[in-house]
Every structure is written in C-alpha cells, then in structure tokens.
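For the sequence shown, position 33 matches number 353 in our numbering, and the numbering has no gaps at all.
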Amino acid sequence: MATNPLELYRFAVEHTESAAGFYNRNVLAPSDAGPVIVRIPIHNADDMDLRVWPEHQVLTAIAPYVSAAPRVLHVSKSPAYQIHSYVEGKLLDDVAPKPERVPGFVPSDVVALFRQLTNVPRERLPTLPLDWPRDEDTAEFARKLSDLTASVYATFHHDFASVFSAIGIPDDPLAPVLASWSSLTRRPFRLVHADVHRKNMILSKEGTVFLDWELALWGDPLYELAVHFHKMRYQPADYDAVLQGWLRAIPPECTRGWENDLAIYLAHERVKSAIVDTIRYTQLIASGTLSGDEKSHLVTKLVDKLTVAGSTWGWKDTQHSHITPHAVEAAIHSWSGTPRRR
C-alpha cells in the first residue's frame, strides 16, 4: 500500500460519507494500489455485544484458514484505525433485503465459512480472558452471553424504564432463557464470527465475502448458527439449505444436541435484540437526524423484534400480543432521556 496510512486516515476523517455500524465507521478511500477501507472506531459506543479480541488480530490469525474475509493492511493504535482490503461487490442486504430469498450460492458460501471456522486452531488466535469458559462448557458460555444482556438491561433500565414498560418488556426479561441454559449439550468450542448477516456479506465475483469480525468469539459453534438464523430471517427453503448443509459439513461432535439447543439460543437472541434495539432505536429516533421514512422503518423493525421476543415472554393473549407501530412510536416519543448522536 503505497499511500501513507495516516493520509488515508485523514481522508476518512474529513469525509462524512461512510458505512457505519454501531462500533465503527467504514470509509472507502483511494490509495496508489487501489481503493481501501479505513475503519475508525466510534467514540464512546455503547458496548452491547461481547467483544473479547481486537478485530485485526482475528483477521490476521484466520488468513490461512478462511478464504472469504478482508485482509488487514495496516493497524494504528493512536489514532485508532485499521485499513482493510476493499472487496468489490454488492451488500447482500441491497440485493436481497430481509426477508427476501437470497441468491442460490449464498447458503453454500455460509456453510463453507462455518466449516472453515471449525478448522482454525485455538493456538493461532489471540489470548482469551482469564475467566473465559473451558472448552465444551456450553452452559457457562451461554451465561457469558446472557450476563452481558442482563448488564445492558440493568445499565439502561433507569433511563428507559417507561419505554420498556410501555412496549411490554418485562422486569425480568431473561428469566425464560436462564432457566434453559443448564440443559445445553456439551460441545467443543470453535471460532465463531457471531455477526453473519445481510449487511456483513458482500456478493463479489468470487462469491460471498464476510465482513466485520469485531464480535468473533471462541465458543459453541451452534451459537453461530443461531445468531445467523436470527439475523437473516431466511425464507424456509434458504433456512433448510443452510441447516442441512451445516449438519453435513460441521464435525458431528460440534452439532450434537442441536435439535433442542438451537431454540434455546434463538430465544436469547430474540430477547437480546428486543432490549438492545429498543435502546438503540429510541436514541436514534430521538437524535433528530433521521428522515420520516427512516423513523418509520426503525419502528416497524422494532415491532417485529418485540413480537418475536413476546413469544418467549408469553405474550399470547396479553395486552402486548398485538403490539402496533403506533404504540411503539408513542413510547419512543415519550422518552425524556438524552439521545446519543453519532
């Protein structure tokens, strides 16, 4: 990369056009060798997901094993940014937004990724936190997930109590999930991307390339499948293609007990999404930076997430069982907290 990395960083800082997630801004920047992606952390982003490793260390470690991921070209600690290789193509979310069917090659590419992740040796990955669950302790791994969700709920409960109550999020939203963790089957841990969804998948000439490895974990490979299914909202045929392909491709010791445990992990992801996205969407809408259509889109998405989580909370035949966009919008607009601006 002939262009000075700091010059690319300065270019990215000065250009407001970017693809932003909740933790990083991604700016397409020109270099002497062609376009690259400058990835800049969002200052003071609320941590609502497990993040145990620096993303660039994960990408460097998986390079010999995972073919469909960007390459790290440069890393800077101060100022904090990374430069990644640019992948030419289209976001899957632009080609086939939820809940449309995906192109026919996508399910097999997803399965191929998940298979490759099972081949990444533990010793090639960064050091884990000292309190990380031991291999095969799926129940303790699951508690790591729900402990963070519980922490997010507790942290924001005071400011969002009126919104939570108005839209039906119960006082103990994780109770149904916590009761199920102890029944999880033991499975060996493998590398987990933990965020494979339509906005993190580029359809290139070579196939599907998978972006955003900042949430990668060492954990239960079935959790990977559950997060993917929760976030993709596949049509039945695509869901079956991924599930059956996964069962054929993944080592059997990593799939045992899936029939019971997939539903348990999905219940957690639905509850987590309802909590986290209530907070995020309320802040975004209250920030005053969205158009009317963008606000309506977020409200509609939140209604869907709440309805799905409601099945875990036993909403059937309650006042919230048919929650409406009007009710959600009213709850959000009544919020009197301080919005976070991005």
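Even for Gly, the Cβ is constructed at its ideal location relative to N, Cα and C.
Around the beta carbon of H588, 16 or more other beta carbons sit within 10 angstroms, so the residue counts as buried.
CA-CA distance, A332 to E456, rounds to 42 Å. In the three-state reduction of the DSSP assignment, A650 falls in the helix class. For R435, same chain residues with a beta-carbon under 7 Å away, outside a window of 5 residues either side, are A569 and I570 in chain order.
In this structure, H404 is the residue among H404, W578 and P496 with its C-alpha nearest to the C-alpha of R345. Close CB contacts of F530 within its chain, under the 7 Å cut and outside five residues either way in sequence, are with A388, A389, L433, H513, V516, N520 and M521 (chain order). Within the DSSP bridge table, the entry for K410 names L523 as partners. CA-CA distance, G539 to F509, rounds to 4 Å. The alpha-carbon separation between I584 and V392 amounts to approximately 35 Å. Following the DSSP letters along the chain, one finds Y554 in no beta strand (DSSP E), marked with neither H nor E. In the structure shown, V386 adopts coil according to DSSP, grouped into three states. The beta carbons of W655 and S482 sit closer together than 8 Å. If you draw a straight line from the Cα of S631 to the Cα of I487, it comes to about 14 Å. Here H404 carries a strand assignment [DSSP, helix/strand/coil]. Spatial neighbours of V440 in its own chain (CB-CB distance under 6 Å, excluding positions within 5 residues in sequence) are listed in chain order as I382, Y385 and L511.
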